[in-house]
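Undergrad:
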Amino acid sequence: MRIKALLPLLLLVFTAFTPVQEVFAQGLDQPFHFKLHLYSPCKVRLDYEYTKNITVSDVTSLGPSLYEVTHSPIDFRFEASDVDTYSFTLELIYEVPTIQVLTLTVFSGSQPPSTLQIPVASKKVVIEFEVTVALEPKYPSVDEITEQVIQHLMGQLEIYHSENQQAYRLIQRGVVNFSYLVALNIVGLIILGAVVYVNTRRSG
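Adding 25 to a residue's 1-based position in the sequence shown gives its number in our numbering.
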């Protein structure tokens with residue numbers, strides 16, 4: 026009777042552990058793949074549960090670029106500054122299925138770091154990385170924009186001042202010419218008056 030009474034409980038316990046075993050099996054067969062686009066300099070860091078069974082393989086780059094790969098029983102790091110595309114595979118092996126949360130932290134140029142958490146339940150974790158590194162675009166700062174505006178305004182003021190000087194010289198030339206004409210007219214009137222006066226005296 027007691028065995029019959031325990032059967033439902035045993036069945037419930039067995040059912041409760043079955044999904045966990047399926048998760049472990051899935052973790053063994055399906056590697057993770059990350060394709061990252063980062064700015065130079067960049068760093069990729071992965072934190073995981075303690076293990077000494079760590080393998081880094083298939084480290085390649087399209088060009089003769091310099092990079093650094095380091096790892097310890099608790100973390101993995103990849104660093105590069107050269108513009109290129111890098112590929113590598115990280116493999117973690119545990120003696121028993123381990124439930125953990127992998128923490129992937131990415132540093133890209135001057136951008137703040139970004140973090141991704143990856144739940145895993147497996148004896149073996151395989152992660153394939155493809156990292157493309159590019160130069161970070163440079164945008165002008167507020168000070169640089171202000172300096173450019175000031176330089177532009179100073180240039181416009183210089184042009185305005187030069188144009189005013191030219192206009193002033195033209196006006197001065199116009200005034201001199203006008204004065205010269207007035208003086209000639211006055212002299213002409215004086216001569217004309219003298220001639221008229223002389224003729225009048227002779228006539229009288």
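Beta carbons are placed, not taken as given, at the ideal position from N, Cα and C, and that holds for glycine. The structure presented is a predicted model; accordingly, all values stated were derived computationally and were not measured.
#1: One question on the structure: do PRO56 and VAL145 come within less than 8 Å of each other, judged by their Cβ atoms?
#2: Considering just the uninterrupted stretch of the beta strand (DSSP E) at THR128, what are its terminal residues?
#3: Beta-carbon separation of PRO296 and LYS77 under 8 Å?
#4: Verify whether the separation of the beta carbon atoms of THR128 and ASP72 is less than 8 Å.
#5: What residues match up with ALA93 in a beta bridge as DSSP calls it?
#6: Where do the ends of the beta strand (DSSP E) carrying PRO144 lie?
#7: Touch check for the segment 86-101 and the segment 164-173: three-plus C-beta pairs under 8 Å?
#8: Under three-state DSSP, which class holds LEU217?
#9: Could you tell me whether the segment 84-91 touches the segment 108-122, where touching means 3 or more Cβ pairs closer than 8 Å?
#10: Looking only at its own chain, which residues have a Cβ that is under 8 Å from the Cβ of ASN210, when we skip the five neighbours before and after it?
#11: By how many angstroms is the C-alpha of SER187 removed from the C-alpha of ILE215?
#12: Who are the near neighbours of ILE118 in its chain, counting only those whose CB is closer than 6 Å to its CB and skipping five residues on each side?
TA: On the basis of the supplied data:
#1: no
#2: 109-133
#3: Nothing can be reported for residue 296, as the shown portion of the chain is limited to 26 through 229.
#4: yes
#5: Residue 93 is actually Glu in this sequence, not Ala. DSSP output for GLU93 lists GLU104 as bridge partner(s).
#6: 139-159
#7: no
#8: helix
#9: yes
#10: none
#11: 42 Å
#12: ASN78, LYS149
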